[in-house]
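Worksheet: one structure, shown below.
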Amino acid sequence: MFFLLLLPQWISTSETIGAYTWGSRVCVCVCIIRIFLGFPTLLFSFQWDAITEMDEHNRPIHTYQVCNVMEPNQNNWLQTNWVSRDAAQKIYVEMKFTLRDCNSIPWVLGTCKETFNLYYVESDEPHGVKFKPSQYTKIDTIAADESFTQMDLGDRILKLNTEVREVGPINKKGFYLAFQDIGACIALVSVRVYYKKCPFTVRNLAMFPDTIPRVDSSSLVEVRGSCVKSAEERDTPKLYCGADGDWLVPLGRCICSVGYEELDGSCHACRPGFYKAFAGNVKCSKCPPHSLTHIEATSVCQCEKGYFRAEKDPPTMACTRPPSAPRNVVFNINETALMLEWSPPSDTGGRKDLTYSVVCKKCGSDASQCEVCGGGIRFVPRHTGLTNSSVTVLDFVSHVNYTFEIEATNGVSELSFSPKQFTAITVTTDQDAPTLIGMVRKDWASQNSIALSWQEPDFPHGAILDYEIKYYEKQLSYSSTRSKAPSVIVTGLKPATKYIFHIRVRTAAGYSGYTSPSSLCASLSASDMAAEQGQILVIATAAVGGFTLLVILTLFFLITVPSKIKNLRIIFKSLNHIYRAKIRRLKTYIDPDTYEDPSLAVHEFAKEIDPSRIRIERVIGAGEFGEVCSGRLKTPGKREIPVAIKTLKGGYMDRQRRDFLREASIMGQFDHPNIIRLEGVVTKSKPVMIVVEYMENGSLDSFLRKHDGHFTVIQLVGMLRGIASGMKYLSDMGYVHRDLAARNILVNSNLMCKVSDFGLSRVLEDDPEAAYTTSGGKIPIRWTAPEAIAYRKFSSASDAWSYGIVMWEVMSYGERPYWEMSNQDVILSIEEGYRLPAPMGCPASLHQLMLHCWQKERNLRPKFSDIVSFLDKLIRNPSTLHTLVEDILVMPDSPGEVPEYPLFVSVSDWLDSIKMGQYKNNFMAAVYNLLSLQIGVALIGHQRRIVSSLQTLRLHMMHIQEKGFHV
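The sequence shown runs -16 to -1, 1 to 951 under mature numbering (1 follows the signal peptide of the UniProt record, and there is no 0).
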């Protein structure tokens, strides 16, 4: 008795239950193949030989072999020891073996086989030495792909076969495997028993343990992850384990806690001198200015000595200090008002929340004997919390020395223990005011402005700061302006209107009095107006004379040299034609394939999004390159918006990544309400993602099938108009979609349709009549124009054909075009002139547009601009949609014509109307012999024309019956 020793070990993402590396050398002796196995032990073996030899490295190897082909009725068994299944529900058995070709064995009996059988039996514990074949369940019959012959034995050529079978579900604790030989010459080299699992992984800072997939390959195992050390959940992290041991797109995530940053899939403490104040997957930041930290994992940096951070300051803000004192304090006294003005401090402390406070003190002859002014003094607007660098002091007493202390404060002034810094100014209220200015004179005046000048005052009592000029119409509100010089130009005046001007001077001692209201009464005089009008008359006369001279010269030129004019017209016309031709050839779309490095196109046309702003919520579908999810996108300063996220599955090649991002490079160039909007891409981290706007109602075909009959004709036409508008935009950009179908139209909650899926799209050549030619690729036959199917030539005209199919899909509420016809039948039918009949309830005008889109000659098909214009007319005149195809009944004389469908009195009339009168006798004979299924129409084109007509008649009959008439 021999027992098979099973050695568990890990191999990539599959865990090995029993593994055998049983040698790589074969010893051939006559017709017996002996394969060396490593330490085999069998429970039961009948006519299987176990041989141990040494290989070229002097290592023992073992094989099991059987070759009883000379004897009939073979039933040789080889059983393994009991194997514990661990956590596996489905196991895989990999067998490596060699097999002798029966035809190469001389004198062999007819019972020679070239296969063997694999069996298994489950049990919760070992059976001991008892072997019962009846308890075993057959897994499969194993045949060899390669068999060897006597010649191979002579050349020592080993033809090794590898076969893998799966077993499951396994419900008990373990199992046995058994190999049955029924008359083959076979050698068993190795057996590896393993099961698949999704291995331990870390995704989005969440750890996911080893997970065994379910036996049912269509169901996934949801696994909740746990955050790595120093991380916390933002959204519940989840992964789905697939049947092949692959993890699907992660949902949710963990983020590094405060004071920790993400690095190589784990959270690391911020270094000294760095901090992180908020939880999230962002890097630690260097301490703001005037702050520091000496320890790790810091959430906030401490301020340097003399610097502070206010209570409401965020940790990201630099530490600041109190401001210095205000500068350049001046005062002005005007009758009972004293105005203080100053400049901001030279050092604001690094803050913008600067305010001022003014303290008033009355001082005697001794400056040390000062007291607070008290409540008699008033400050306008106030004396504390000032945001402007000025204040007005009222109700002060004459012949008193006032000292005003002006202090600047900011948000951290109260936190500082340093002495307050302020600027003081002393004002004596009996100072002399400046004297009045000298005489004011008018220098010049125009229609809307006047220039004034005056003499400076003889005794200004200080440096002159500026002059204030106040002016107004009589008995109306006044306006004012200022001037540094003793002159001014006042603009914006009304023509021929009298203005009164008052002027006063301002010095450090205050304002002087205004000039007398009667000192100047300025207006635009009649002489001024006459001079100005004279200038205008001269200019106008010169202009008229110049124009008259130009007309005379032009007429002379036309009369004397008509031939030259004709030549100039020809030249101008040619240049205009060339210019317009160049304009038509201009493209606004750039093909990403024209870039030397196509990845550059992505960064030029698509915005890079920080993956931390994306929250994936659920998987909603699968695309060509990976899963499609829905989620939310957070934009700085705005609310979250719903988005759809296309992901690139792991293990991709550079070509797949380039093809995946190519669609983003295309979408990023479009901006139209009926084209799906690209929000951005994620290319600098994994998974690579394309983020687009989320369309709540999904694809148009499934949406219509779900809401069959729920919309009015006007609503359906509105959907078609939106699609046509989007396609007009693409066509105007010189762009061909190539895969226009209802499945590639997305619908939002407002029933707005948007064109999407640019995976097959291509750009037109410079010539507007050119078509893109592709050398390969799949073509959606039912939606594609005949020239595109036959010659793979695509143009805006082929898109117009596809648009006609989309119209048919919309009006039939998502029915499959051409029903159950095969693709080959569709191609032949279209070539022979067959076109889809109008769906039930379809307005005749819409079916007419469909047939126009399905013209065989592509130059006769409508442009998308024509389609949009036609649909707009239908929407503006809904009565044009009342006439249905079923109401008019006639077959067209030739393909593409508008059907009129007259009533037919007999079968003969009907066949004559479709030019199939030669089959009248066949149909009449079929009527008399109801059991006959052969009418005798052999030509496939004639069959299709008759079937098409019958389908149209069937629709008409259904319509008549719905109206209550008996047919």
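Heads up, the beta-carbon is just placed ideally off N, CA and C, and yes, glycines get one too. Just so you know, these numbers come straight off a predicted model, no measurement behind them.
In the DSSP assignment, find the beta strand (DSSP E) that holds residue i and state where it starts and stops.
i      : result
Phe100 : Thr99 to Ser107
Arg178 : The question names Arg, but residue 178 in the sequence shown is Tyr. Counting along the chain, the beta strand (DSSP E) containing Tyr178 begins and ends at Ile170 to Lys180.
Ala408 : Phe406 to Thr412
Lys454 : Ile448 to Glu457
Phe848 : Unbroken run through Phe848 is the alpha helix (DSSP H), Phe848 to Arg860; no beta strand (DSSP E).
Cys251 : Ser250 to Ala253
Thr481 : Careful: Thr481 lies outside any beta strand (DSSP E) and carries neither H nor E.
Gln164 : Gly158 to Asp165
Ile473 : Ser471 to Val474
Determine the extent of the alpha helix (DSSP H) in which residue i is found, giving its start and end residues.
i           : result
Asn52       : Careful: Asn52 lies outside any alpha helix (DSSP H) and carries neither H nor E.
Lys690      : Leu684 to Lys690
Gly702      : Val697 to Asp716
Tyr678      : Segment: none, Tyr678 is in no alpha helix (DSSP H) and carries neither H nor E.
Ala281      : Segment: none, Ala281 is in no alpha helix (DSSP H) and carries neither H nor E.
residue 961 : Residue 961 is absent from the model: the chain starts at -16 and stops at 951.
Tyr775      : Pro770 to Tyr775
With DSSP run on the structure shown, which of helix, strand or coil describes residue i?
i      : result
Tyr787 : helix
Thr121 : strand
Cys837 : helix
Ser669 : coil
Val86  : Going by the sequence as given, residue 86 is Cys instead of Val. It is helical.
Arg646 : helix
Tyr573 : coil
His111 : coil
Arg187 : strand
Ser829 : helix
Met637 : coil
Tyr885 : Below a pLDDT of 50, predicted positions are generally treated as unreliable, and Tyr885, at 40, falls in that range; no measurement from the model is reported.
His486 : strand
Trp231 : strand
Pro626 : strand
Phe589 : helix
Tyr903 : helix
Ile126 : strand
Would you tell me roughly how many angstroms separate the C-alpha atoms of residue i and residue j, rounded to the nearest one?
i      : j      : result
Val889 : Glu870 : In this prediction, Val889 has a pLDDT of 40, which is less than 50 and means its spatial position is unreliable; what the coordinates show is noted afterwards. Using only the alpha carbons, I get a separation of about 17 Å.
Asn728 : Val186 : 36 Å
Thr125 : Asp594 : 55 Å
Ala506 : Ala447 : Note that Ala506 has pLDDT 48, beneath the 50 cutoff, so the model's placement of it is unreliable and the number below is only indicative. If you take the alpha carbons of Ala506 and Ala447, they lie about 29 Å apart.
Leu144 : Thr578 : 49 Å
Arg845 : Ile707 : 17 Å
Lys690 : Gly798 : 9 Å
Val314 : Phe262 : 48 Å
Asp129 : Asn101 : 15 Å
Gly257 : Arg641 : 39 Å
Pro306 : Pro620 : 32 Å
Gln286 : Pro273 : 11 Å
Below 8 Å on the Cβ atoms is my guess for residue i versus residue j; work out the distance and round it to an integer in Å.
i      : j      : result
Thr304 : Tyr291 : 6 Å
Asp108 : Lys74  : Actually they are not in contact, since the Cβ atoms of Asp108 and Lys74 sit about 18 Å apart, beyond 8 Å.
Tyr573 : Gly710 : Their Cβ separation, rounded to whole angstroms, is 14 Å, which puts Tyr573 and Gly710 out of contact at 8 Å.
Glu147 : Tyr76  : Not quite, the Cβ-Cβ distance comes to about 11 Å (not below 8 Å), so this is no contact.
Val701 : Leu855 : 6 Å
Gly615 : Lys630 : No, Gly615 and Lys630 are not in contact; Cβ-Cβ is about 11 Å, not under 8 Å.
Val720 : Phe778 : 5 Å
Ile660 : Val676 : 5 Å
Met834 : Gly788 : 5 Å
Val377 : Leu322 : 4 Å
Ile421 : Phe388 : Ile421 to Phe388, Cβ: 29 Å. No contact.
Which same chain residues end up closer than 8 Å to residue i when comparing Cβ atoms and leaving out the 5 residues on each side of it in sequence?
i      : result
Phe184 : Met191, Phe192, Pro193 and Asp194
Residues in the same chain with beta-carbon distance under 7 Å from residue i, minus the five sequence neighbours each way, listed in chain order, please.
i      : result
Gly825 : Leu868
Ile89  : Cys15, Val53, Cys96 and Cys169
Met795 : Leu700, Pro823, Cys826 and Leu830
Please work out which residues of its chain come closer than 6 Å, Cβ to Cβ, to residue i, disregarding the five sequence neighbours upstream and downstream, and give them in chain order.
i      : result
Gly236 : Asp219, Thr220, Pro221 and Lys222
Val612 : Ile604, Gly605 and Lys630
Ser596 : Asn265
Thr407 : Ala309, Pro310, Val313 and Ile390
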